[in-house]
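Protein chains in written order, with this note's numbering: chain F, 1390 to 1645; chain W, 739 to 1153.
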């Protein structure tokens, strides 16, 4: 299938492109979230004295790590994919190629890098004595795949709209920051005042943060209804994003 | 040539949206999401009907901005038509503009891989083609340098080498021959001739009528987004050249104005086979050409009349004057002299040439006016050069010669 080999080519190209000319090469992909984790861990554990509520709650650092990596994959893939069409304007203007491949490759490469980082940090935490259920790691990676579908849906939508309205890309980091703090990445849902806790269900990312904690740290349980709903949401986002992308796709060249 | 239609367009049209402010972009987004067309747009291509069968070669000609590149982009699928339809069968190789699809940060090698992936080859097939591409591009160690360090000629070399190795069913190229140096141009033209001979199909945009006539059998002339003429390459290119000449004639001073300037000698007209209009003369190979020149002299002295033939690109073929041959122009009236020269069975090879005439003073020193008319020799030939020299092969030596002298060396030695 030519589209697939093309997608693989672009994913390889994207990953190489990131670390082209940097000393550490691919290592940087692991280093960056690790530093992030160290900074957040220091600030929240030593400065704010953050604790995860509950009697047999996990330590704060594993709690944060398990939620932060998926979020990094999600938000970074959106930021990169939103400008994927715009950045490749020169290519699109001269070569006929399935444009969706560019968006797919941007999302896939982010997820690939951070999924590897995720596995590495989970294993590292386990080796340092944190009670992580390594057997649940494959299940957690399934959650990554589902999150990938959700991200892909948003990515198709954003990248198509970005061609027409260029305000999206500069506004996106701010929006994603807002979204991150509105999600239970740094805190548990239980830490919120009780009347706000229900609202968290409307945030699609809530489910993922709680899913990873439930599977790997056994903090809370996997709610099958919530799981089904979030799968439907992910597929709906993908369908909507792809529909918009397909409708606007033929006109990209006119507005690039 | 077969009956397989590779390219067919019906009522093809393209309009670009008029977008000035960012508010227009937002409005266009809503219109498109709602499934309506562009609110305001400007048509750059209208109602183009083309049909190219396997093994055919079509030249697209026209002035800048006539819509040639837009048409090519529609054919390759880079652009989506606003009206009408495009159907393209088979694998398409396209060379649109300079460095089409190359990433400047990557080496030539990496860009070859990208181009192969875009064309639909898997990594293994791409690797198999690599040596052939590198060999054809012939850019030495630059193959491992980032493309941003390439000269424009090298970019074209690499782009053409990729297309040449892929051997697509349909080759679409846009004015790329103009950039490479002469030896590479020759290499490209030779490759294209070979490609066409072996059943390849070509759509070529070029401003060089020489290339169009050399490579294409059909031509399509676009003018302001519409097809002005299409059909046999010689008829269409001649119509186009005639149009160009009429256009430039309206910009150069008219004959009467030159007369008014009181030059000592000026040309009244130049007749080719008794035709004094501006249309190019069409001759079959080996046809006769008769050139009649009439000159006005201010003081009644007999001028020297010179007639010459140059190729369309300006290369002189032959020139001769009445004074060289010891002929005196005929005095028609007190101030008008004329001379007529006959070129029987012109040995010119097929192509486009210009016939030029000048009056000189009686001493044959100072050159005054110039008139030129275009002359096209129809036909097909695989011979090189401008004229057919009379020759015969001496049987015993033939094979030795052919083996020892490569064609291009023989050519450069001849020129």
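We put the beta carbon where it would ideally sit given N, CA and C, even for glycine.
- Taking a Cβ-Cβ cut-off of 7 angstroms, the neighbours of residue 860(W) in chain F comprise 1394, given in sequence order.
- For the beta strand (DSSP E) assignment, the uninterrupted runs of no fewer than 3 residues enclosed by the region 1053-1139 of chain W are, from N- to C-terminal side, 1054-1059, 1074-1081, 1089-1098, 1109-1116.
- A distance below 8 angstroms between beta-carbons, with the five flanking residues on each side excluded, links residue 1452(F) to the following residues of its chain, in chain order: 1441, 1446, 1577, 1602, 1606, 1608.
- Looking at 782(W), 841(W), 788(W), 799(W), the one whose alpha-carbon comes closest to that of residue 820(W) is 782(W).
- If you look at residue 887(W), you'll find it isn't in any beta strand (DSSP E); DSSP assigns it neither H nor E.
- Between the region 1495-1515 of chain F and the region 1554-1567 of chain F, the count of Cβ pairs shorter than 8 angstroms is below three; the stretches do not touch.
- The straight-line gap separating the alpha-carbon atoms of residue 1058(W) and residue 886(W) is approximately 51 angstroms.
- For residue 814(W), the closest Cβ of chain F is nearer than 8 angstroms.
- Going by beta carbons, residue 1443(F) and residue 1598(F) fall outside the 8 angstroms limit.
- One thing to note: residue 795(W) has its Cβ no nearer than 8 angstroms to the Cβ of residue 747(W).
- Neighbours of residue 766(W) across chain F, judged by C-beta separation under 9 angstroms: 1553, 1640, 1643, 1644.
- For residue 1629(F), no Cβ of chain W is located within less than 8 angstroms of the residue's own Cβ.
- By the neighbour-count definition (other C-beta atoms within 10 Å, threshold 16), residue 1531(F) is an exposed residue.
- When DSSP states are grouped into helix, strand and coil, residue 1508(F) belongs to the helix group.
- Nearest to residue 1098(W) by alpha-carbon distance, out of 1032(W), 772(W), 1085(W), 799(W), is 1032(W).
- Annotation for residue 954(W): 795, 796, 797, 940, 942, 971 place their beta carbon closer than 8 angstroms to its own, counting only its chain and skipping 5 residues before and after.
- Here residue 1107(W) is buried, its C-beta having at least 16 other C-beta atoms within 10 Å.
- Positions of the beta strand (DSSP E) runs, each at least 3 residues long and wholly inside the region 809-869 of chain W, are given as 821-826, 830-833 in order along the chain.
- With the rule of 3 Cβ pairs closer than 8 angstroms, the region 876-891 of chain W counts as touching the region 841-859 of chain W.
- The beta-carbon of residue 1057(W) is placed no less than 8 angstroms from the nearest beta-carbon of chain F.
- The closest CA to that of residue 779(W), considering only 752(W), 805(W), 1092(W), 801(W), is found on 752(W).
- Among the CB atoms of chain W, none fall inside 8 angstroms of the CB of residue 1492(F).
- Listed in chain order, the alpha helix (DSSP H) elements of length 4 or more contained wholly in the region 961-1049 of chain W are 971-987, 993-998.
- When the Cα atoms are used, residue 1422(F) and residue 1397(F) turn out to be separated by approximately 24 angstroms.
- Taking one beta carbon from each stretch, the region 1502-1509 of chain F and the region 1584-1600 of chain F have fewer than 3 pairs nearer than 8 angstroms; the two do not touch.
- Setting aside the 5 residues that flank it on each side, residue 1533(F) is surrounded in the same chain by 1459, 1462, 1500, 1504, 1507, each with a C-beta closer than 8 angstroms to its C-beta; the list follows chain order.
- Residue state for residue 772(W) is assigned as coil, using DSSP reduced to three classes.
- Annotated three-state conformation of residue 798(W) is strand, per DSSP.
- When the alpha-carbon of residue 1628(F) is set against those of 1470(F), 1540(F), 1529(F), 1407(F), the nearest one is in 1540(F).
- Beta-carbon to beta-carbon, residue 1551(F) and residue 1471(F) are separated by about 5 angstroms, close enough to satisfy the 8 angstroms threshold.
- Secondary structure at residue 1559(F): helix, using DSSP grouped into helix, strand and coil.
- In the structure shown, residue 1585(F) falls within a helical segment according to DSSP collapsed to helix, strand and coil.
- Contact annotation for residue 1485(F) against chain W: 814, 815, 816 [CB-CB distance below 7 angstroms, chain order].
- DSSP places residue 1615(F) in the uninterrupted alpha helix (DSSP H) bounded by 1613-1637.
- Collapsing the DSSP output to three states places residue 958(W) in a strand.
- DSSP lists no bridge partner for residue 1392(F).
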